[in-house]
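Q: Residue numbers for the sequence shown follow my numbering, beginning at 83 and rising by one.
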Amino acid sequence: MANTPSAKKAVRKIERRTEVNRSRRSRVRTYLRKLEDALTAGDATAATAAFQAAEPEIMRAVTKGVLHKNTASRKVSRLAARVKKLSA
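#1: Mind checking Ala-143: buried by the 16 CB within 10 Å criterion, or exposed?
#2: Would you identify the three-state DSSP class for Asn-232, choosing helix, strand or coil?
#3: For Lys-151, I'd like the list of residues in its chain whose CB is within less than 7 Å of its CB, leaving aside the five on either flank, ordered along the chain.
#4: Considering only their Cβ atoms, is the gap separating Arg-107 from Val-165 smaller than 7 Å?
#5: Going by beta carbon distance, what residues of the same chain come within less than 6 Å of Glu-137, once the five residues before and after it are set aside?
#6: With H, G and I counted as helix, E and B as strand and the rest as coil, what does DSSP make of Ala-123?
#7: Compare the beta carbon distance of Tyr-113 and Ala-129 with 7 Å and say whether it is the shorter of the two.
#8: Just the Cα atoms here: how many angstroms apart are Ser-155 and Ala-163?
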């Protein structure tokens with residue numbers, strides 16, 4: 083349990099940041115789910131559109147500190163390869 087005033091304030095700040103980060107993470111997952119659905123359906127145009135919407139969202143999560151840069155790049159790269167394979 084936090085005892086000092088600064089520790090209590092830190093707990094309050096962490097709670098607020100956790101809520102924001104949870105929202106951002108959920109937003110990224112939603113975009114990824116839409117892309118995944120398009121890929122499994124085999125719809126190349128929908129997959130391309132979903133990828134173009136998801137990629138900036140993933141990178142935005144990096145700038146906000148929700149995802150690590152390398153993790154996001156790996157995800158984008160693998161998704162791009164899957165979309166390209168579907169389109170070919």
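Idealized CB from N, CA, C, for every residue including glycine. Please read all numbers here as calculations on a predicted model, not as lab measurements.
A: Judging by the given coordinates:
#1: buried
#2: As displayed, the chain neither begins before 83 nor continues past 170, which places residue 232 out of reach and without an answer.
#3: Val-144
#4: no
#5: Val-158
#6: helix
#7: no
#8: 12 Å
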